[in-house]
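Each remark here refers to the structure printed beneath this line.
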């Protein structure tokens, strides 16, 4: 990204962009505090899952006028579902730069050793539930002391992993108007039960550590893991790991995968020269999003994805095949509280401390309480229901 | 009045005792040594952890951090930290010692209710103050300058409380003797009390320096520009949160900690017990 | 004599003024503002303006299961962490006091070194130690066939945090207690020995009483600090497993900076403050000189 920024600065002497890098939690906190003091930067990156909250607060400037203007971007060259993700009350509030979908990373060496290969001896990653279970079983090798030396699969990021499977089973989370949480339904329970079974019944995955389990894949002790494309750079550092990427197997009747996007957003009070300059920079980044892909991302401009250069990025293009059916997290202003409840339910179920149905019911009750609280606050301020 | 070193002449410790002490010390230091060693391993090797010592020692992690001054102006950050932390230590020791002396030894109207109020603020969680402090500093125009990190630290109650308790423990005879000799309050403070308090003052200076050095939330919220960051914040921020780059993290940790360790080892000479005089008749 | 007393009063203010100005401006003022917030419903990043709601935030807290859970977790931490920290710090300080001068500063530096570590670094380090599948501790225990769920089992998580806390925070109390011990004239002990007093008696009759102000300082600050524990828990378990280690300060932090509910967070902070004040007053009472 820094290289792109520097190139832009060099090519556009009348605009100087200064980049700041930081981790996500810090970034959002800083944005929020800076916003209060009127010191937010002109341009910042917001995940699709957080767009709703920022847009509702009037923090972001819409960009439909700029998109259709002289220096705009052809809407046909933007993934429709991703573009919809930044829509709020009919207007769009950010320009998606990429789609970081989750995909399956698999260890080619372990696959070859287990004989899960095609006619030419190339490892054959699973594409559906049966193949996945079969592969996982064959790739879990018992060791001394009753514990496997090698695991077929590991849960890394519970939230994205299981959200994907729930959506593949066709489970819904909210009523369409977002007034009621319905996460405890048959499909979600079945999906969660499937995940629990992987650990407890089929015993192809170890008890979860959440994100830290990723180390196991890097150590070459785990054959398959679902993670975002952004983990690619991390794996490339592991020089002794022979891995590749593939779309997540379809475990249910539906085809879906978790994703989020980085969106380039503008401060709401921008105007005049500042606005034009910021937009030029945004368009530049989008047009050059292939460079961004090289760092382990998937551009959301189909024209860029169809280029030979991108096609050669094997993991990225494999993951990119999933773009047409990516699913974002539910669009909520109180996204963090939702994630806390959802994560808690998943954890309880995975650790065997509650049945999937019970765990999801608790989450559902709590989330409905939060919805009521949010609605009450809006009504008390005389603004009516605001979704 | 015979002055002598306040050190037990017979080492009532024995070999067994000292071995235990040394063992404990080794255990405490071990994790830190581990960080330093791990910083020299390539990322791929760290994940496997086959051995304590690096199999292929590399300075790659350090090179990546140090060799990128545009994105990682690490020397700039280091200087910022030194400047800010030193200033904070100096400020705190100065104003706290004066105020603590006033409350411990002098008449002060309202002392009886001001004191608990000050101590009470020790109990206030820092997060409560963060947002209001930000708004105040914005008004003053101090945001994105070192002043935002230095000046507010002077109001902390920790140094005040520490020195107050310490001053209470000093026998009054010495001060009274000086007063009878006609010394002004300031001279008593400067020439009698402060020298006697060297261990406490040095301890406070070190605590404050280290606390300021490691402060994360303050610089994060009150500074905007990359070149104004302090070292721990700058180093932490250049990493992404999606993956744990152990090699870089350890190298960054080593770089952050080294200056403080060196400074501590250097300054702790001033807290030697040989400075504590008895000052009593034998 | 009258003039001297009058002079003394102004002298007092002269000494105290710089500190009091800084204190009022950067501690009292923000404090007052922050606590006033607790009477409002104010959600940042919301189009709604701040609304005065009186004690509604406090009422919500009393009915909030997560608040009570966080409170209980915090108390559990304090009870588990404080006694070993102070006891061990005193033990080490006593050991250092009796150690040969040549090596004393070396040992002292070793025990204090962990305290210098930044929280983020210390946290990442111990999280690696505690990983049950791929972590350092279990790697050493593996040959014995032992695998401890350090931070994935609700029974082990809190003790693991306490262990790390001991390592990380013992340096501070140790230094303060050592300074206090060094202040006790050695002649007292020598006189007592001559009178035939045993080391145990010497400890209770000489050391403890003379150490009282410093001990009070150390204990009070440690409890205050423990009640506000946040950093290391956040880094190592993030409040898990299953929110069993989520302390009050973490709950406040998430309410303010993740949920952006500033009014409610302020009310929770106010409750935390009351808790701390309660603890401190009890301690002051218990340890006050008769």
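Residue numbers (the numbering used here), protein chains in the order written: chain S, 210 to 596; chain V, 27 to 308; chain P, 398 to 687.
Ideal Cβ placement from N, Cα and C applies to all residues, glycine included.
Nothing here was measured: the structure is a model prediction, and the numbers come from that model.
What residue 225 (chain V) touches in chain P, judged by beta-carbon distance under 8 Å, is 576, 579, 580, going in chain order. Cβ neighbours of residue 541 (chain S) within its own chain (closer than 6 Å, five residues either side excluded): 547.
Look at residue 474 (chain P) here: in three-state DSSP terms it is helix. Taking 8 Å as the CB threshold, residue 469 (chain S) stays off the interface with chain V. Per DSSP, residue 309 (chain S) is not a residue of any alpha helix (DSSP H); the beta strand (DSSP E) it occupies stretches across 309-316. At a Cβ-Cβ threshold of 8 Å, residue 147 (chain V) and residue 514 (chain P) do not count as neighbours.
Between the segment 302-320 of chain S and the segment 454-470 of chain S there are three or more inter-stretch CB-CB distances shorter than 8 Å, so the stretches are counted as touching.
The beta carbon of residue 356 (chain S) does not come within 8 Å of any beta carbon belonging to chain V, so the residue lies off that interface. The beta-carbon separation of residue 162 (chain V) and residue 113 (chain V), rounded to 19 Å, does not stay under the 8 Å limit for a contact.
Under the 8 Å Cβ criterion, the segment 562-579 of chain P counts as touching the segment 607-623 of chain P, having at least three qualifying pairs. For residue 438 (chain P), the CB contacts under 6 Å within the same chain, skipping 5 residues up- and downstream, are 448, 450, 660 in chain order. Using a Cβ distance threshold of 8 Å, residue 620 (chain P) and residue 676 (chain P) count as a contacting pair. Using a Cβ distance threshold of 8 Å, residue 81 (chain V) and residue 96 (chain V) do not count as a contacting pair. Taking residue 575 (chain S) as the centre and dropping the five residues before and after it, the same chain places the C-beta of 550 closer than 6 Å to its C-beta, in chain order.
Taking the beta carbon of residue 446 (chain S) as reference, the chain V residues within 7 Å of it are 69, 70, listed in sequence order. Judged by DSSP secondary structure, residue 462 (chain S) falls outside any alpha helix (DSSP H); it is assigned neither H nor E. Against chain P, a Cβ distance below 9 Å from residue 589 (chain S) picks out 438, 445, 448, 450. Residue 550 (chain P) carries a coil assignment under DSSP once its states are collapsed to helix, strand and coil. Annotation: residue 500 (chain S) to residue 84 (chain V) spans about 29 Å, alpha carbon to alpha carbon. In the three-state reduction of the DSSP assignment, residue 271 (chain V) falls in the coil class, being assigned neither a helical nor a strand state. The bridge partners DSSP lists for residue 453 (chain S) are S:315. Interface residue (Cβ-Cβ distance to chain V less than 8 Å): residue 427 (chain S) is classified as such.
Interface residue (Cβ-Cβ distance to chain V less than 8 Å): residue 464 (chain P) is not classified as such. Scanning chain P for C-beta atoms nearer than 7 Å to the C-beta of residue 44 (chain V) yields 496, reported in chain order. An exposed status is given to residue 499 (chain P), since fewer than 16 other beta-carbon atoms sit within 10 Å of its beta-carbon. Non-local C-beta neighbours of residue 534 (chain P) in its own chain, meaning closer than 6 Å and more than five positions away in sequence, comprise 526, ordered along the chain. Between the alpha carbons of residue 422 (chain P) and residue 181 (chain V) lies a gap of roughly 8 Å. Counting of Cβ neighbours within 10 angstroms places residue 389 (chain S) among the exposed residues, the total staying below 16. In this structure, P:507 is the residue among P:584, P:590, P:549, P:507 with its C-alpha nearest to the C-alpha of residue 489 (chain P). Comparing C-alpha distances from residue 255 (chain S) to each of S:335, S:434, S:476 shows the shortest one belongs to S:476. Interface criterion met: the Cβ of residue 449 (chain S) is under 8 Å from a Cβ in chain V. Residues of the segment 533-544 of chain P that bring their beta carbon within less than 9 Å of a beta carbon in chain V comprise 533, 536, in sequence order.
From the beta-carbon of residue 454 (chain P), no residue of chain S is found nearer than 8 Å; the closest lies around 12 Å away.
Among the residues of chain V, none has a CB under 9 Å from the CB of residue 350 (chain S); the nearest is roughly 18 Å distant. Distances from the CA of residue 59 (chain V) to each of V:281, V:40, V:192, V:242 were compared; the closest alpha carbon is that of V:281. Taking residue 658 (chain P) as the centre and dropping the five residues before and after it, the same chain places the C-beta of 440, 652 closer than 7 Å to its C-beta, in chain order.
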